[in-house]
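In our numbering, the protein residues as written are 13 to 222.
All residues carry an ideal CB built from backbone N, CA and C; glycine is no exception.
Structure first, commentary second.
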């Protein structure tokens with residue numbers, strides 16, 4: 013019956029799986045750890061990619077670890093701790109994300125997907141309450157009940173130091189840490205964005221050496 017409902021609603025893969033999890037008809041997910049830990053080997057892998065921003069997220073969209081270029085990439089934010097807070101609550105959000113509306117929709121849909129894995133995740137529920145109490149946009153989007161995981165489409169950012177960058181990305185599940193994802197951005201070679209990314213990398217190294 014649920015399969016028929018999913019077909020009738022033309023649900024995408026993430027929404028389809030979310031529906032079945034809510035009905036208790038899919039294998040149970042392990043609760044998201046309160047303090048997720050990133051393996052040292054994965055941290056070393058991040059640092060092995062000095063030319064592209066790479067970082068690890070959990071289901072709550074917490075930034076758990078990143079390389080030096082990822083730190084420089086998100087330097088416009090007061091605190092690069094959680095993509096939901098950064099998008100909705102930080103004043104840099106609407107400028108940094110060139111298509112801020114799409115960024116807000118993706119954040120909310122990703123966060124609702126996290127609660128599909130663990131409906132009793134206290135930290136995720138607290139995050140919903142915190143951001144919802146401060147943002148009418150968040151409350152409106154949360155009420156839509158959209159569900160979506162990470163996509164692979166290109167995104168455009170406006171960085172305060174190096175200007176506009178259009179980057180594609182890939183998201184990889186971390187097999188030994190369920191719920192963690194490795195995100196790697198890249199710019200098309202020989203483009204303005206590739207030049208900006210190289211400049212950002214140079215600035216990141218200079219800042220680290222000071």
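Rounded separation between residue i and residue j - CA only
i           : j           : result
residue 193 : residue 128 : 17 Å
residue 40  : residue 90  : Below a pLDDT of 50, predicted positions are generally treated as unreliable, and residue 40, at 49, falls in that range; the measurement from the model is reported next regardless. About 37 Å.
residue 201 : residue 168 : 16 Å
residue 113 : residue 153 : 10 Å
residue 107 : residue 185 : 29 Å
residue 149 : residue 54  : 35 Å
residue 110 : residue 98  : 14 Å
residue 164 : residue 180 : 7 Å
residue 48  : residue 156 : 29 Å
residue 52  : residue 59  : 11 Å
residue 191 : residue 93  : 17 Å
residue 117 : residue 195 : 19 Å
residue 95  : residue 56  : 23 Å
Exposure of residue i, with buried meaning 16 or more beta-carbon neighbours within 10 Å
i           : result
residue 72  : buried
residue 182 : exposed
residue 103 : exposed
residue 146 : exposed
residue 131 : exposed
residue 62  : exposed
residue 221 : Low confidence applies here, because residue 221 scores a pLDDT of 47, under 50, leaving its location unreliable; read the following figure in that light. Per the 10 Å Cβ criterion, exposed.
residue 188 : exposed
Same chain, Cβ closer than 6 Å to residue i, neighbours up to 5 away in sequence not counted
i           : result
residue 216 : 80, 81, 84
residue 178 : 166, 168, 205
residue 199 : 179, 205, 206, 209
residue 50  : 68, 76, 77
Residue i Cβ short of 8 Å to the ligand COA heavy atom set
i          : result
residue 53 : In terms of ligand content, the structure shown is empty, and the ligand COA therefore cannot be addressed.
Sequence-distant residues of its chain with Cβ nearer than 7 Å to residue i (five each side left out)
i           : result
residue 105 : 98, 99, 112
Cutoff 8 Å; reference residue i; Cβ partners in own chain excluding five residues on either side
i           : result
residue 101 : 143, 146, 147
Problem set entry | Inter-stretch contact (C-beta, 8 Å, three-pair minimum) for the stretch 77-93 and the stretch 119-127 | Three or more Cβ pairs closer than 8 Å define a contact, and the stretch 77-93 falls short of that threshold against the stretch 119-127.
Problem set entry | Any 3 or more C-beta pairs closer than 8 Å across the stretch 131-151 and the stretch 172-186 | Cβ pair count under 8 Å is below three, so no.
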